[in-house]
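Those protein sequences? They're chains A and B, same order as listed. Mapping of the first sequence onto numbering that gives the first Met the number 0: position 165 corresponds to residue 164, and the numbering continues sequentially without gaps. Mapping of the second sequence onto numbering that gives the first Met the number 0: position 291 corresponds to residue 290, and the numbering continues sequentially without gaps. Note that the Cβ used here is the ideal one computed from N, Cα and C, for glycine as well. These numbers were taken from a predicted model, which means no experiment stands behind them.
There are 2 protein chains.
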Amino acid sequence: MGRLVMKFGGTSVADIDRIRNVARHVEREVKAGNHVAVVVSAMAGTTNQLIEWCRQAAAVHDAREYDAVVATGEQITAGLLAIVLQDMGIPARSWAGWQIPVETDGVHGSARMTNINGDGLIKRMEQGQVAVITGFQGIAPGGRVSTLGRGGSDTSAVAVAAAISAACDIYTDVDGVYTADPRIVSKAQKLDRISYEEMLEQASLGAKVLQTRSVELAMVYKVPLQVRSSFEPPDLPSQNKPDGTGPGTIVCDEEQIVEQHVVSGIAYSRDEAKVSIRHVKDKPGISAAIFGPLAENDISVDMIVQNVSSDGAFADITFTLARKDLRKAIEVLSAVKDKVGYSELAHSADVAKVSVVGIGMRSHAGVAARMFAALADKGINIQAITTSEIKVSVLIDEAYTELAVRALHQAYGLDKT
Amino acid sequence: MGRLVMKFGGTSVADIDRIRNVARHVEREVKAGNHVAVVVSAMAGTTNQLIEWCRQAAAVHDAREYDAVVATGEQITAGLLAIVLQDMGIPARSWAGWQIPVETDGVHGSARMTNINGDGLIKRMEQGQVAVITGFQGIAPGGRVSTLGRGGSDTSAVAVAAAISAACDIYTDVDGVYTADPRIVSKAQKLDRISYEEMLEQASLGAKVLQTRSVELAMVYKVPLQVRSSFEPPDLPSQNKPDGTGPGTIVCDEEQIVEQHVVSGIAYSRDEAKVSIRHVKDKPGISAAIFGPLAENDISVDMIVQNVSSDGAFADITFTLARKDLRKAIEVLSAVKDKVGYSELAHSADVAKVSVVGIGMRSHAGVAARMFAALADKGINIQAITTSEIKVSVLIDEAYTELAVRALHQAYGLDKT
Numbered sequence: 000m001g002r003l004v005m006k007f008g009g010t011s012v013a014d015i016d017r018i019r020n021v022a023r024h025v026e027r028e029v030k031a032g033n034h035v036a037v038v039v040s041a042m043a044g045t046t047n048q049l050i051e052w053c054r055q056a057a058a059v060h061d062a063r064e065y066d067a068v069v070a071t072g073e074q075i076t077a078g079l080l081a082i083v084l085q086d087m088g089i090p091a092r093s094w095a096g097w098q099i100p101v102e103t104d105g106v107h108g109s110a111r112m113t114n115i116n117g118d119g120l121i122k123r124m125e126q127g128q129v130a131v132i133t134g135f136q137g138i139a140p141g142g143r144v145s146t147l148g149r150g151g152s153d154t155s156a157v158a159v160a161a162a163i164s165a166a167c168d169i170y171t172d173v174d175g176v177y178t179a180d181p182r183i184v185s186k187a188q189k190l191d192r193i194s195y196e197e198m199l200e201q202a203s204l205g206a207k208v209l210q211t212r213s214v215e216l217a218m219v220y221k222v223p224l225q226v227r228s229s230f231e232p233p234d235l236p237s238q239n240k241p242d243g244t245g246p247g248t249i250v251c252d253e254e255q256i257v258e259q260h261v262v263s264g265i266a267y268s269r270d271e272a273k274v275s276i277r278h279v280k281d282k283p284g285i286s287a288a289i290f291g292p293l294a295e296n297d298i299s300v301d302m303i304v305q306n307v308s309s310d311g312a313f314a315d316i317t318f319t320l321a322r323k324d325l326r327k328a329i330e331v332l333s334a335v336k337d338k339v340g341y342s343e344l345a346h347s348a349d350v351a352k353v354s355v356v357g358i359g360m361r362s363h364a365g366v367a368a369r370m371f372a373a374l375a376d377k378g379i380n381i382q383a384i385t386t387s388e389i390k391v392s393v394l395i396d397e398a399y400t401e402l403a404v405r406a407l408h409q410a411y412g413l414d415k416t
Numbered sequence: 000m001g002r003l004v005m006k007f008g009g010t011s012v013a014d015i016d017r018i019r020n021v022a023r024h025v026e027r028e029v030k031a032g033n034h035v036a037v038v039v040s041a042m043a044g045t046t047n048q049l050i051e052w053c054r055q056a057a058a059v060h061d062a063r064e065y066d067a068v069v070a071t072g073e074q075i076t077a078g079l080l081a082i083v084l085q086d087m088g089i090p091a092r093s094w095a096g097w098q099i100p101v102e103t104d105g106v107h108g109s110a111r112m113t114n115i116n117g118d119g120l121i122k123r124m125e126q127g128q129v130a131v132i133t134g135f136q137g138i139a140p141g142g143r144v145s146t147l148g149r150g151g152s153d154t155s156a157v158a159v160a161a162a163i164s165a166a167c168d169i170y171t172d173v174d175g176v177y178t179a180d181p182r183i184v185s186k187a188q189k190l191d192r193i194s195y196e197e198m199l200e201q202a203s204l205g206a207k208v209l210q211t212r213s214v215e216l217a218m219v220y221k222v223p224l225q226v227r228s229s230f231e232p233p234d235l236p237s238q239n240k241p242d243g244t245g246p247g248t249i250v251c252d253e254e255q256i257v258e259q260h261v262v263s264g265i266a267y268s269r270d271e272a273k274v275s276i277r278h279v280k281d282k283p284g285i286s287a288a289i290f291g292p293l294a295e296n297d298i299s300v301d302m303i304v305q306n307v308s309s310d311g312a313f314a315d316i317t318f319t320l321a322r323k324d325l326r327k328a329i330e331v332l333s334a335v336k337d338k339v340g341y342s343e344l345a346h347s348a349d350v351a352k353v354s355v356v357g358i359g360m361r362s363h364a365g366v367a368a369r370m371f372a373a374l375a376d377k378g379i380n381i382q383a384i385t386t387s388e389i390k391v392s393v394l395i396d397e398a399y400t401e402l403a404v405r406a407l408h409q410a411y412g413l414d415k416t
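If you want it as structure tokens, here you go:
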């Protein structure tokens with residue numbers, strides 16, 4: 000019992016029947032004695048229609064007007080859910096971002112929240128009224144409606160939870176966070192708990208369960224976060240326990256995870272491409288000459304490998320980037336060929352990144368070595384390596400992705416018995 | 000040149016191409032040197048979809064949530080029009096009702112505007128920025144979004160015009176106010192000017208050119224109002240003249256109409272029904288016994304005729320009401336049969352009301368007599384009569400509606416030569 004924020008995405012509120020299903024999830028938590036706020040997305044398809052109208056109106060358009068148009072999607076869902084809840088006898092009201100207010104910066108179209116005043120919400124929630132809140136939006140300085148950038152409604156939910164000191168349940172199409180993608184690894188196991196840091200690595204490594212920004216925010220404000228399924232029967236008794244456990248996966252501080260695994264999951268991303276610049280004269284400032292123009296064109300580079308020739312005069316530089324940026328990167332680098340002075344520009348989109356993630360790595364040696372051995376055992380060649388304190392990522396031929404994920408899942412003892 | 004409010008309804012903004020057409024009308028007035036505010040409705044069909052979703056969510060629903068949902072329609076149009084205008088090089092921004100703010104009372108679903116602060120609008124308009132304003136909505140005490148009742152967006156446009164001391168052009172599917180419905184009377188003439196009072200009578204008598212409440216407001220605040228066509232070519236030079244004339248029909252004070260007609264128009268309404276209560280004992284309080292229960296059930300009564308028997312002991316009472324209220328009125332009156340003590344309750348929906356309207360009537364005798372003679376000449380029986388200072392209405396058999404309107408149009412010399 001306590002304050003609870005429940006977040007439902009676009010497919011969970013795609014029509015009135017599904018909104019009714021959401022309302023039954025809310026009813027269950029209200030009956031369990033929780034003071035509930037619900038954060039909703041636009042009905043699936045609505046946001047795309049609104050964006051398409053903006054695009055038809057003008058290919059390039061004022062982000063403030065785009066926001067005014069696109070923010071209506073969540074306002075519709077919030078009003079409809081409030082109506083359904085009231086019809087079930089549950090006091091409820093809708094809140095637009097500007098009514099709370101959820102204050103953001105002025106970067107329309109990808110705003111960041113700067114402050115949420117939770118007083119109005121708390122007052123009404125303590126009177127027993129469910130707060131139905133529009134996700135994905137707020138109000139910018141000057142009083143215009145703003146929409147959030149990447150992170151969207153998940154981030155709204157976590158931010159509201161932080162503002163009102165609530166726990167936050169994110170309802171999605173899976174019932175939790177797994178040790179690997181269950182579509183690839185049949186023996187993948189659902190985790191009861193995962194640390195914020197691990198979840199953050201997983202999210203940024205391509206696991207699409209939670210949006211990266213929402214996990215960052217939860218970590219900073221210590222919001223107890225749960226990933227759970229919106230397809231579970233809504234009418235069962237609440238499975239959220241006073242000790243903070245629940246039916247899904249809890250994302251929390253590592254101290255709250257009693258039984259630590261060395262590795263908690265295997266992540267992968269096919270959204271990768273590789274660029275190799277061959278026979279570059281190895282002189283000071285050459286890296287800046289290559290990566291400066293890429294950064295100026297908003298192209299983020301991930302892994303970087305540099306091989307210097309035996310005489311030290313030339314280098315081959317290989318790096319990875321998001322697949323969507325490949326074409327632009329080639330254009331940018333072709334334009335600076337003379338300045339950089341390379342002999343050949345090669346690229347490939349047939350690569351994938353596979354990562355092992357685990358907080359236990361900090362105190363266990365040999366995690367990377369076991370990874371390389373497991374991959375070698377299957378004849379998988381490693382093209383690049385990058386590491387952080389709690390993850391090791393390798394770039395491999397895309398065709399080996401599933402094989403690699405399954406081999407690593409087994410090698411770290413994650414297979415379900 | 001000066002401040003101008005331009006209002007466009009749902010069919011004028013039904014898709015992006017039509018919004019572009021609206022933008023060209025705006026561009027013309029901007030180029031003519033006007034400071035322009037545009038008031039828009041929701042795209043045709045949008046409001047109905049939103050209302051249908053509310054209905055599906057719950058048959059009976061909170062008017063505040065209904066307003067939160069339905070008000071999004073105009074917000075979408077306003078943003079899209081601002082984008083199109085900017086794309087044409089015309090500075091513009093959208094304003095939701097709550098941003099201006101347009102303050103209303105708390106009667107959600109049919110709110111009345113209580114105050115509009117025009118300072119922000121005026122400041123931006125004088126900087127050359129077109130204000131694109133959501134019609135049909137405002138903000139209620141307590142900060143919830145409200146939608147207006149009857150009058151809707153026309154009323155919003157007139158109220159904004161009053162707040163910023165502007166003229167107001169209402170764009171619609173006809174090019175002005177006619178002496179009669181041109182679909183019935185081929186010789187009907189477009190009026191250059193009509194007085195507020197006459198327009199008010201026409202609107203309340205069933206002419207659907209302007210909403211009654213908007214005309215009332217224009218009359219009170221002396222807003223120069225013009226009815227004009229959104230289908231005229233938008234790219235012609237502005238035809239609004241500094242002397243206040245324009246291409247449509249100007250609605251204004253009667254003093255501003257130089258050449259007064261005795262009768263300015265013939266109106267009709269088929270939205271009528273007739274109820275006759277026969278052989279009522281004629282005693283004090285009998286009218287209250289009949290009309291009290293009707294009023295309590297929100298049924299408005301229009302014409303009332305009472306015939307007393309030769310001995311004065313009994314009366315027949317006939318009255319008219321809106322056709323949609325007929326069934327309920329019969330139920331209400333059947334329930335009070337014993338109390339009222341009548342012998343028979345008869346009703347008919349096959350009736351129409353035909354009216355002649357003209358400010359000149361005040362100073363001309365014989366207007367009603369000419370009406371009765373013209374109808375008698377065509378063999379049309381008059382079932383009831385009601386008059387005001389500037390109109391005479393008669394109830395007739397519905398089958399004679401067109402014949403009556405044409406006969407009266409000719410009798411008052413309104414036929415185009």
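Asked                                                                                                                      : Found
Coil, strand or helix - A:His260 by DSSP                                                                                   : coil
7 angstroms Cβ cutoff, B:Asp61 in contact with chain A                                                                     : yes
Nearest-angstrom beta carbon gap, A:Val129 and A:Pro181 [assumed within contact, 8 angstroms]                              : That belief does not hold up - the Cβ atoms of A:Pro181 and A:Val129 are roughly 33 angstroms apart, past 8 angstroms.
Simplified DSSP state of A:Leu49, which is helix, strand or coil                                                           : helix
3-residue-minimum beta strand (DSSP E) runs that sit fully inside the segment 191-228 of chain B, ordered along the chain  : 192-194 and 224-228
Chain-ordered chain B contacts of A:Ser93 [CB-CB under 7 angstroms]                                                        : Glu64 and Ala67
Residue of B:Met124, B:Lys186 and B:Gly247 minimising C-alpha distance to B:Ile169                                         : B:Gly247
Residue-chain proximity (B:Leu147, chain A), Cβ-Cβ < 7 angstroms                                                           : no
Straight-line Cα distance separating A:Ala187 from A:Tyr177                                                                : 6 angstroms
Within chain B, the residues that A:Ala77 reaches when beta carbons sit closer than 8 angstroms                            : Ala67
Test item: CB-CB of A:Val356 and A:Lys390 under 7 angstroms                                                                : yes
CB of A:His346 within 7 angstroms of CB of A:Val274, strictly                                                              : yes
Within-7 angstroms CB hit, B:Thr133 to chain A                                                                             : no
Chain A contact for B:Val39 (CB, 7 angstroms cutoff)                                                                       : no
Residue(s) in a DSSP beta bridge with B:Lys390                                                                             : B:Val356 and B:Ser387
Proximal residues of chain B, C-beta to C-beta of A:Leu120 below 7 angstroms                                               : Ordered by position in chain B, no residue passes the 7 angstroms Cβ test against A:Leu120, which lies about 13 angstroms from the chain.
Backbone CA spacing between A:Tyr220 and B:Met218 [nearest angstrom]                                                       : 58 angstroms
Test: A:Thr71 CB closer than 7 angstroms to a CB of chain B                                                                : yes
Neighbour list for A:Ile18 in chain B, Cβ cutoff strictly below 8 angstroms                                                : Ala56
Distance, B:Glu397 Cα to B:Val350 Cα                                                                                       : 4 angstroms
Inter-residue Cα distance where the pair is A:Asp270 and A:His60                                                           : 28 angstroms
Interface residues of chain A facing B:Ala81 [CB-CB closer than 8 angstroms]                                               : Asp61, Glu64 and Ala67
Host alpha helix (DSSP H) of B:Tyr65 (start-end)                                                                           : Ala62 to Val69
Given A:Pro232 as reference, the closest of A:Val4, A:Ile303 and A:Val21 once Cα atoms are compared                        : A:Val21
Interface residues of chain B facing A:Asp396 [CB-CB closer than 8 angstroms]                                              : Residues of chain B passing the Cβ test: none, with the nearest at roughly 45 angstroms.
Boundaries of the beta strand (DSSP E) in which B:Val4 is found, first to last residue                                     : Arg2 to Phe7
Own chain residues within Cβ distance below 8 angstroms of B:Ile138, not counting five before or after                     : Gly96, Trp97, Pro100, Val101, Glu102, Thr103, Val144 and Ser145
Runs of alpha helix (DSSP H) lying entirely within the segment 99-148 of chain A, each at least 4 residues, in chain order : 118-125
From B:Pro292, B:Thr46 and B:Asn296, residue whose alpha carbon lies closest to that of B:Gly108                           : B:Thr46
For B:Ala321: DSSP bridge partner residues                                                                                 : B:Glu271
Short CB-CB distance (under 7 angstroms) between B:Ile138 and chain A                                                      : no
8 angstroms Cβ cut-off: residues of chain B touching A:Leu49                                                               : Ile75
Three-pair Cβ contact test at 8 angstroms for the segment 63-74 of chain B versus the segment 111-125 of chain B           : no
B:Ile163 (DSSP reduced to helix, strand or coil)                                                                           : coil
Given B:Met370 as reference, the closest of B:Gln382, B:Val331 and B:Tyr411 once Cα atoms are compared                     : B:Tyr411
Meets three-Cβ-pair contact criterion under 8 angstroms: the segment 36-45 of chain B and the segment 0-20 of chain B      : yes
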